Amino acid sequence: MRLGILGTADIAFRRFLPALQKCSDITYVGVASRTPKKASRFVEAYGGKGYPSYEALLEDNNIDAVYVPLPPALHYEWGKKVLESGKHLLMEKPFTTNLEDTQKLLALAEEKGLAVHENYMFLYHSQLQKIKEIIADGTLGELRLLRVSFGFPKRGEKDFRYNKALGGGALLDCGGYPVRLAFELLGGTAHVVQARLIQPEGYEVDLYGSAVLENAEGLCAQVSFGMDNAYQCQLEIWGSKATLIAPRIFTAPSDMNPPLLLKKSDGEEKRILEADNSFLKSLDVFQLACAKNGSQEKTQIKRQGILIDAIMKGAVS
């Protein structure tokens, strides 16, 4: 499969392309930018072709799929154009900025027989599978509560995350991670029962927030997120026999052996897990979805959109 990149975002340069170079089933064709200097940086580092416009890349029949790492407010517009051009769509999270647009893109992809993928890479890191195994083998006992948090210190004022017109806000940026993980662990019956978004005076977007989700069995997940916070990237699972803590659940780089901490009444146990390349695995999942039309992926993207929409609508500021 031959893939092009729409835009020259830093995540494409630092994380996506290094992983793509290791993916034997996907060939990198080139990158599109309206700024020639930015495209040249990509070509010099990774090869490929520099396209003078997004449209020029979409018109290239040699490209089968497109990665879109643009600011969130542009995801629907260019995601739609990618699908209309007959190409599979790998969308950086969030898929879009609202549920209605997400549903439109999913319907279009289904109509055209194309795959879509929302790039929550952490889902494919082997540490999450290990955590699921620990839950299943009874080490934690009966689950009582999930706590998931993701936040980081404030960035520069010009960062798109603080710009409403570009789809900024903590919920759409870092908030999607704990919500997606809560959905993954609670299952398909996960729903939002409480939410709060905080938009301090002088800002046009929410800077931090929290939500409570539950599933049909009554298991509760407390999620929190923020982009004016001390750094935190943690999953805590509280069980009747033990508590599990994963302090790098979302952002473990490919050369890191992520730790897991198990706390019991008779002491603590620290487990060091294998390093893994979650970006590369996300690409593998996308490639497989392209081969199979990705129906399961569409269902998961829709459910994530429903949960984010519920938090937006139910949040008390």
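Counting the sequence shown from 1 gives a position; this note's numbering is that position plus 1448.
Backbone N, C-alpha and C fix where the C-beta goes; we use that ideal spot for every residue, glycine too.
On a predicted model such as this, the values are computed, not experimentally measured, just so you know.
Same chain, Cβ closer than 7 Å to residue i, neighbours up to 5 away in sequence not counted
{"i": "glutamine 1735", "result": "Met1449, Asp1473, Ile1474"}
{"i": "glutamate 1652", "result": "Lys1612"}
{"i": "glycine 1687", "result": "Leu1588, Gly1589, Glu1590, Leu1591, Arg1592"}
{"i": "aspartate 1654", "result": "Gly1617, Ala1618, Leu1619, Leu1645, Ile1646, Gln1647"}
8 Å Cβ cutoff met for residue i and residue j
{"i": "tyrosine 1502", "j": "isoleucine 1453", "result": "no"}
{"i": "serine 1702", "j": "serine 1597", "result": "no"}
{"i": "leucine 1531", "j": "alanine 1504", "result": "no"}
{"i": "aspartate 1549", "j": "tyrosine 1524", "result": "yes"}
{"i": "alanine 1487", "j": "cysteine 1738", "result": "no"}
{"i": "isoleucine 1511", "j": "lysine 1535", "result": "yes"}
{"i": "phenylalanine 1727", "j": "phenylalanine 1464", "result": "yes"}
{"i": "glutamine 1551", "j": "lysine 1750", "result": "yes"}
{"i": "glycine 1615", "j": "threonine 1691", "result": "no"}
{"i": "leucine 1709", "j": "leucine 1721", "result": "no"}
{"i": "methionine 1675", "j": "arginine 1603", "result": "yes"}
{"i": "serine 1731", "j": "leucine 1547", "result": "Serine is not the amino acid found at residue 1731; the sequence shown has leucine there. No, Cβ-Cβ distance for leucine 1731 and leucine 1547 is not below 8 Å."}
Coarse secondary structure for residue i, derived from DSSP in three states
{"i": "histidine 1573", "result": "coil"}
{"i": "leucine 1562", "result": "coil"}
{"i": "proline 1484", "result": "helix"}
{"i": "glutamate 1492", "result": "helix"}
{"i": "glutamine 1642", "result": "strand"}
{"i": "valine 1596", "result": "strand"}
{"i": "glycine 1715", "result": "strand"}
{"i": "valine 1733", "result": "helix"}
{"i": "valine 1627", "result": "helix"}
{"i": "arginine 1696", "result": "coil"}
{"i": "proline 1707", "result": "strand"}
{"i": "arginine 1603", "result": "coil"}
{"i": "serine 1672", "result": "strand"}
{"i": "leucine 1518", "result": "coil"}
{"i": "cysteine 1738", "result": "helix"}
Own chain residues within Cβ distance below 6 Å of residue i, not counting five before or after
{"i": "glutamate 1684", "result": "Arg1595, Ile1693"}
{"i": "lysine 1740", "result": "none"}
{"i": "threonine 1699", "result": "Cys1681"}
{"i": "alanine 1457", "result": "Pro1517"}
{"i": "phenylalanine 1543", "result": "Thr1550, Glu1566, Ile1749"}
{"i": "lysine 1712", "result": "Ala1690"}
{"i": "glutamate 1662", "result": "Val1641, Cys1668"}
Whole-angstrom C-beta distance between residue j and residue i, which should lie under 8 Å
{"i": "isoleucine 1582", "j": "leucine 1591", "result": "Actually they are not in contact, since the Cβ atoms of isoleucine 1582 and leucine 1591 sit about 11 Å apart, beyond 8 Å."}
{"i": "histidine 1565", "j": "leucine 1538", "result": "5 Å"}
{"i": "glycine 1496", "j": "tyrosine 1476", "result": "5 Å"}
{"i": "tyrosine 1553", "j": "lysine 1529", "result": "Here residue 1553 turns out to be leucine, not tyrosine, going by the sequence shown. Not quite, the Cβ-Cβ distance comes to about 11 Å (not below 8 Å), so this is no contact."}
{"i": "leucine 1506", "j": "serine 1481", "result": "The Cβ separation is near 13 Å, so there is no contact."}
8 Å Cβ shell around residue i - same chain, five flanking residues per side excluded
{"i": "tyrosine 1679", "result": "Gly1599, Phe1600, Pro1601"}
{"i": "isoleucine 1759", "result": "Leu1619, Gly1623, Val1627, Val1640, Ala1643, Leu1645, Gly1657, Ala1659"}
{"i": "lysine 1729", "result": "Met1569, Tyr1572, His1573"}
{"i": "lysine 1470", "result": "Asn1725, Leu1728"}
{"i": "tyrosine 1499", "result": "Gly1452, Gly1478, Val1479, Ala1480, Ser1481, Ala1487, Leu1505, Asp1508"}
(request) Evaluate contact between the stretch 1627-1635 and the stretch 1701-1721, counting only Cβ atoms and requiring at least three cross-stretch pairs below 8 Å. (result) no
(request) Assess, as a yes-or-no matter, whether the stretch 1517-1531 is touched by the stretch 1609-1625 under the definition of 3 or more beta carbon pairs within less than 8 Å. (result) yes
(request) Pair every Cβ in the stretch 1634-1650 with every Cβ in the stretch 1755-1765, then say whether three or more of these pairs are closer than 8 Å. (result) yes
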